[in-house]
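Chemist:
Protein chains: 2
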Amino acid sequence: MQGEIKKDMSRKKAILRAATAFFSQKGFSETSMSELSKITGVAGGTIFYHFKNKEELFLAVLENVKAEIIEEFGRYFGEKKFENGMEMMEGVIFFYLYLAGTMEDHFLLLHRHYPYKLAEVNPVCRGHLEAIYNCLADIFEQAILTGQKDGSVGDVNPRKTALIIFSMIDGIARFKTYNLYDAGALYNEILAACRRMLCRDTPAA
Amino acid sequence: MQGEIKKDMSRKKAILRAATAFFSQKGFSETSMSELSKITGVAGGTIFYHFKNKEELFLAVLENVKAEIIEEFGRYFGEKKFENGMEMMEGVIFFYLYLAGTMEDHFLLLHRHYPYKLAEVNPVCRGHLEAIYNCLADIFEQAILTGQKDGSVGDVNPRKTALIIFSMIDGIARFKTYNLYDAGALYNEILAACRRMLCRDTPAA
DNA sequence: TCATAAACTGACTGGTTGCTCAGTCAGTTT
DNA sequence: AAACTGACTGAGCAACCAGTCAGTTTATGA
Numbered sequence: 006m007q008g009e010i011k012k013d014m015s016r017k018k019a020i021l022r023a024a025t026a027f028f029s030q031k032g033f034s035e036t037s038m039s040e041l042s043k044i045t046g047v048a049g050g051t052i053f054y055h056f057k058n059k060e061e062l063f064l065a066v067l068e069n070v071k072a073e074i075i076e077e078f079g080r081y082f083g084e085k086k087f088e089n090g091m092e093m094m095e096g097v098i099f100f101y102l103y104l105a106g107t108m109e110d111h112f113l114l115l116h117r118h119y120p121y122k123l124a125e126v127n128p129v130c131r132g133h134l135e136a137i138y139n140c141l142a143d144i145f146e147q148a149i150l151t152g153q154k155d156g157s158v159g160d161v162n163p164r165k166t167a168l169i170i171f172s173m174i175d176g177i178a179r180f181k182t183y184n185l186y187d188a189g190a191l192y193n194e195i196l197a198a199c200r201r202m203l204c205r206d207t208p209a210a
Numbered sequence: 006m007q008g009e010i011k012k013d014m015s016r017k018k019a020i021l022r023a024a025t026a027f028f029s030q031k032g033f034s035e036t037s038m039s040e041l042s043k044i045t046g047v048a049g050g051t052i053f054y055h056f057k058n059k060e061e062l063f064l065a066v067l068e069n070v071k072a073e074i075i076e077e078f079g080r081y082f083g084e085k086k087f088e089n090g091m092e093m094m095e096g097v098i099f100f101y102l103y104l105a106g107t108m109e110d111h112f113l114l115l116h117r118h119y120p121y122k123l124a125e126v127n128p129v130c131r132g133h134l135e136a137i138y139n140c141l142a143d144i145f146e147q148a149i150l151t152g153q154k155d156g157s158v159g160d161v162n163p164r165k166t167a168l169i170i171f172s173m174i175d176g177i178a179r180f181k182t183y184n185l186y187d188a189g190a191l192y193n194e195i196l197a198a199c200r201r202m203l204c205r206d207t208p209a210a
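From first to last, the protein sequence lines are chains A and B.
One gets this note's numbering by counting positions in the first sequence from 1 and adding 5 to each.
One gets this note's numbering by counting positions in the second sequence from 1 and adding 5 to each.
1) Quick check: is the beta carbon of A:Asp175 nearer than 8 Å to any beta carbon in chain B?
2) Could you tell me whether the Cβ of A:Ile195 comes closer than 8 Å to any Cβ of chain B?
3) Shorter than 8 Å from the beta carbon of A:Thr107 to some beta carbon of chain B?
4) Going by C-alpha distance, which of B:Gln153, B:Thr182, B:Leu185 and B:Tyr138 is nearest B:Leu168?
5) When you compare only the Cα positions, how much space is there between B:Ser29 and B:Val70?
6) At a CB-CB cut-off below 8 Å, which residues of chain A make contact with B:Thr166?
7) Go to B:Glu109, then tell me how far its alpha helix (DSSP H) extends in each direction, as first and last residue.
8) Any idea what DSSP makes of A:Lys122, helix, strand or coil?
9) Please decide whether B:Leu191 counts as near chain A, where near means a Cβ-Cβ distance under 8 Å.
10) Give the residues from the stretch 92–121 of chain B that approach chain A closer than 7 Å (Cβ to any Cβ), ordered along the chain.
11) Buried or exposed for B:Gly190, going by 16 or more other Cβ atoms inside 10 Å?
12) What would DSSP say about B:Tyr183, mapped onto helix, strand or coil?
13) With a cut-off of 8 Å, does the C-beta of B:Ile137 fall near any C-beta of chain A?
14) What first and last residue would you give for the alpha helix (DSSP H) that runs through B:Lys86?
15) Give the straight-line distance between the Cα atoms of A:Glu68 and A:Glu135, rounded to the nearest whole angstrom.
16) Examine chain B for any beta-carbon lying closer than 8 Å to the beta-carbon of A:Gly50, and answer yes or no.
17) Find the nearest neighbour of B:Phe63 within the set B:Val97, B:Phe82, B:Glu109 and B:His133, judged by alpha-carbon distance.
18) Find the nearest neighbour of A:Glu77 within the set A:Lys57, A:Leu102, A:Phe87 and A:Phe56, judged by alpha-carbon distance.
19) Could you list which residues in chain B have their beta carbon closer than 8 Å to that of A:Tyr54, in chain order?
20) Say whether chain B places a C-beta atom closer than 8 Å to the C-beta of A:Arg201.
21) Could you check whether the stretch 142–155 of chain B touches the stretch 88–108 of chain B, counting it as contact only if at least three pairs of C-beta atoms, one from each stretch, sit closer than 8 Å?
22) For A:His111, I'd like the list of residues in its chain whose CB is within less than 7 Å of its CB, leaving aside the five on either flank, ordered along the chain.
23) Is it buried or exposed for A:Val126, if we count other Cβ within 10 angstroms and need 16 for buried?
24) Could you have a look at B:Asp160 and say whether DSSP puts it in helix, strand or coil?
25) Could you check the C-alpha separation between A:Ala23 and A:Thr45 for me, to the nearest Å?
26) Classify A:Arg205 as helix, strand or coil using the three-state DSSP reduction.
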């Protein structure tokens, strides 16, 4: 039984993994199920045996993306400890840009249009997206709240400022994947800008 | 003759206008040429008489988007005068978010994936995108440079900081179109964050 | 050993796609 | 009036699409 599950899982997971890459890199409608079956070495009907249609396959991919992103952030902030809120914010920014590089497909999918369009009519899809964005926004907010307690962050609206910084970092990550300009070259400037934005008061000159 | 040209132009422009809306709202591959011909009340072949294929039609749309965005910014900054660089930056941010609302289709198109994917293999497409982004980044940079001359903006790297603020504003505009959260509710906080980011020094407490 | 179920197959279907092309026709030039 | 032009038409085409299903293989539990 364990063996069977494993074999089942390996097929199903192979399809899921290939679908993640395809949906991310080519988009939903440009991804063809027959191409997907060809690349996974599986008959056309097998995909429809595991996932009842293309949209359900997409939702399964999105659910997996959600789980892995949230898990990665959970692991990082479970291990890592920070001196104060401002340092935590720097850690969040670093890790976000780092993940956008290592889990490129996951973030590419979130930078596409299809998930948000589907979310308008599909509550499951909307749920996944909200879970991801709430998790991320919460982390940014947590850094600000921590900083306000320990004095490293000034008096700003925590939630709104978190959303603004999140937009900024996500925008940078998005531009990077489009090769418009490089996030790496801006990294130090980003941290400096954030520090100025959040610091209690700016050092003179 | 004038009449005939006018008739030609109205058809071609009708196709272009409909294509802009479709490519923006539905994406490239979800937009069908036959649907486009139906909505413009034109025979299927007519579109291919004016534009040799779907990709060329898209490029014509993008060129038009480029021209209109650059024109709008040119008009605004041709008329409006600012007290200093910081005020100009606030004007840029206001106008960007305002345009993203009134010219929704144009910005929606730029928030899609297809243009950037096409740009990788099509120099004409790449040229249009670079023209748009250079124009926008230049305006943000100009505000910073002006502010540094008149003393309203502190000592930051002008180009890099311009790109960071641009990413931030564009990210906000993008999230707004996805209905993830509202840019309007963040507007005051955005301006405050920018002021803190750029100010020579922060007033105490 | 065998019955049952689960996993898998690939030919098939009805529908859509971007695009072509032979031909129509109003208007202009010769 | 003959010759020509260029905008426009719509039937038609090959390629491809998501999804189905009758049938085969494989694994499991008794």
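From the three backbone atoms N, C-alpha and C, an ideal C-beta is built for every residue, glycine too.
Bear in mind the structure is a predicted one, so any value in this text is a computation, not a measurement.
Modeler: Let me lay it out:
1) yes
2) yes
3) no
4) B:Tyr138
5) 11 Å
6) Glu194 and Ala198
7) Glu109 to Leu115
8) helix
9) yes
10) Arg117, His118 and Tyr121
11) Note that residue 190 of chain B is Ala in the sequence shown, not Gly. Under this definition B:Ala190 is an exposed residue.
12) coil
13) no
14) Run containing B:Lys86: none; DSSP gives neither H nor E here.
15) 11 Å
16) no
17) B:His133
18) A:Leu102
19) Per Cβ cutoff of 8 Å: no residues; A:Tyr54 is ~27 Å from chain B at best.
20) yes
21) yes
22) Val70, Glu73 and Ile74
23) exposed
24) coil
25) 7 Å
26) coil
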